[in-house]
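Trainee: In the working numbering, the protein residues as written are 330 to 469.
First the structure, then my questions, so here it is.
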């Protein structure tokens with residue numbers, strides 16, 4: 330398979346994955362008020378999961394650089410550098426969890442209270458993602 334078709338197929342798979350994710354988010358779980366609450370909870374769970382996956386991937390891309398910076402301190406091939414990088418990674422997760430616990434949930438200033446604001450945030454996010462993806466599309 331040529332490089333062109335490989336790049337084209339990978340881009341198409343990425344785009345279709347985004348489309349599938351969008352379709353899942355708009356499918357109603359059930360009708361009525363109870364169903365709307367379930368739909369919002371499902372959407373919140375899905376957004377949280379996808380954000381977590383993106384953060385995880387970002388950090389995993391930084392791991393080789395971190396290992397490259399730490400390995401001269403402990404010698405190349407040492408298990409200590411792997412352990413220190415892993416402890417730093419999970420320590421950062423623990424620190425984020427601690428900060429989340431310390432911020433009062435009832436008075437979180439970042440929480441969006443109204444449906445209209447949520448819609449505006451969604452539209453702004455969609456525009457930002459579209460603008461962000463233009464250079465990647467041009468590069469392929």
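Just so it is clear, CB atoms sit at the ideal spot from N, CA and C, and this is done for glycine as well.
Buried or exposed for residue 410, please, with buried defined as at least 16 other CB atoms from any protein chain shown within 10 angstroms of its CB.
Mentor: When all chains shown are included, residue 410 counts as buried.
Trainee: Check each candidate in 374, 371 and 417 and name the one with the smallest Cα separation from residue 392.
Mentor: Looking at the Cα atoms, 417 is the closest of the given residues.
Trainee: Could you compute how far the alpha carbon of residue 424 sits from the alpha carbon of residue 348?
Mentor: Distance between the alpha carbons of residue 424 and residue 348 is about 34 Å.
Trainee: DSSP three-state label for residue 414, please.
Mentor: The answer is helix: DSSP assigns residue 414 an H, G or I state.
Trainee: Can you give the Cα-Cα distance for residue 467 and residue 375, rounded to whole angstroms?
Mentor: Cα-Cα distance, rounded: 29 Å.
Trainee: Quick one: what does DSSP say residue 404 is sitting in, helix, strand or coil?
Mentor: Reduced to three states, the DSSP call for residue 404 is coil.
Trainee: Measure the C-alpha to C-alpha separation of residue 342 and residue 332 and round it to an integer number of angstroms.
Mentor: Each residue's Cα considered, the two are about 15 Å apart.
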